[in-house]
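Just so we're aligned: the sequence shown equals residues 1 to 170 in the working numbering. Cβ atoms here follow ideal geometry from the backbone N, Cα and C, with glycine treated the same way. Every value quoted in this text rests on a predicted model; they were computed, and no experiment measured them. Comments concern the structure below.
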Amino acid sequence: MRSREGDTLPRFISLPLSLFLWILFLLLLEALGLAWFYKVPVYVVGNGIVLAHEQQKGEQGALAAIFVPASQADKLRVGQVVLVRLQANAQPVRSQIEQVEEPLQSPDHLCRTYGLAAQCTTLIQQPSVAVLLRLNTFSARQYAGSLLTADIQVGTRSILSLFPGLGGFK
Numbered sequence: 001m002r003s004r005e006g007d008t009l010p011r012f013i014s015l016p017l018s019l020f021l022w023i024l025f026l027l028l029l030e031a032l033g034l035a036w037f038y039k040v041p042v043y044v045v046g047n048g049i050v051l052a053h054e055q056q057k058g059e060q061g062a063l064a065a066i067f068v069p070a071s072q073a074d075k076l077r078v079g080q081v082v083l084v085r086l087q088a089n090a091q092p093v094r095s096q097i098e099q100v101e102e103p104l105q106s107p108d109h110l111c112r113t114y115g116l117a118a119q120c121t122t123l124i125q126q127p128s129v130a131v132l133l134r135l136n137t138f139s140a141r142q143y144a145g146s147l148l149t150a151d152i153q154v155g156t157r158s159i160l161s162l163f164p165g166l167g168g169f170k
C-alpha cells in the first residue's frame, strides 16, 4: 500500500510573521523612495550687519551687508532666498539677495568699505564676498549697526544624500 504522505517542506516561519515581514519590507522600500525624491534646502551661512542710514540709497527698509567666505562665493546669485536673524533665538526674516559684490575682498578692505570699526574681527575673519540685501520690515535708523546671521539658500539635495556613504545621490 502506498503512503498518502507527500513531500512537505519544513516551516521555518509562521504565516502571520511572514506577512508582517513583507509589509515591513514594502514600507522600507516606500521610505527609501520618499527619501530619494524629497528635497531639502542647502544653506550657506554668513554673518553681517545692518548698514548705517547714510549708506542707504533712499529706499524703504534697511540695507544689510552679509559676508560670505570665499569657499562659498561661487554659489551666490542675485534673487536667492535669505533667512536673516538679528538674534540667535529670533524668528528669521525672509529676504532676497539684491547684489553680490565681486570680486573677493580681504577682511581689511571690507571693513573699510562698510565702516566696520569695532565689529570687523567678529564679522569677517577670512577673505569674503559681500552680499547686499534689503530688510523691508526693519527701519535703517533703529537697526543700523545691528549684527545678524543669514542663511542663504543655494540649492536643494535629496534626503538620501545626507546619509553617510550615500553622498553621491543628489
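- Assigned with DSSP and collapsed to three states, L27 falls in helix.
- Residue state for P69 is assigned as strand, using DSSP reduced to three classes.
- Of the candidates V131, L160, L110 and I152, L110 places its Cα closest to the Cα of T122.
- In the pairwise beta carbon analysis, the region 90-98 is classified as not touching the region 17-36: fewer than three pairs are separated by under 8 Å.
- For A130, the enclosing beta strand (DSSP E) begins and ends at S128 to L135.
- Here the alpha carbon of L19 sits roughly 21 Å from the alpha carbon of G33.
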